[in-house]
Amino acid sequence: MAHMSPMFRRSDRRTQSRAPEERLVTLIGKPGCHLCDDAQEVIEKVCADLGVPWEKKDITEDEELHRQYWEQIPVVLVDGAQHTFWRVNEERLRKALAR
């Protein structure tokens, strides 16, 4: 049987390991939120340890984010997908970024 061209092979991107610099952690929160501050501490530590970039978004500056997440902040996204909300577990975040 002939080998299939890589262009036609199915690949499950969720199971493929990605380099740390190709990942992105997003913290969605707002000023004055103590849980957001706690989440940021965990994210800063884990991302620094693993070399993963992260960003912070403020729901008070983005109507769509406010509509979508206002009851759940802080919300953490990993590569654009919701990872957790309210409390960030350091070990769980490390595992998600190690995949």
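Its first residue numbered -2, the sequence shown is counted upward by one per residue in my numbering. The beta carbon of each residue, even a glycine, is placed where N, CA and C say it ideally should be. Please read all numbers here as calculations on a predicted model, not as lab measurements.
query: Within the continuous beta strand (DSSP E) that includes Ala16, where are the two ends?; result: Per DSSP, Ala16 belongs to no beta strand (DSSP E) and is neither H nor E.
query: Need the endpoints of the alpha helix (DSSP H) that Lys53 sits in, please.; result: Per DSSP, Lys53 belongs to no alpha helix (DSSP H); it is in the beta strand (DSSP E), Trp51 to Asp55.
query: Give the secondary structure of Val85 by DSSP, where H, G and I count as helix, E and B as strand, and everything else as coil.; result: coil
query: What does the alpha-carbon distance come out to for the pair Gln79 and Arg96?; result: 15 Å
query: Please confirm whether Arg84 and Val43 have their CB atoms less than 8 Å apart.; result: no
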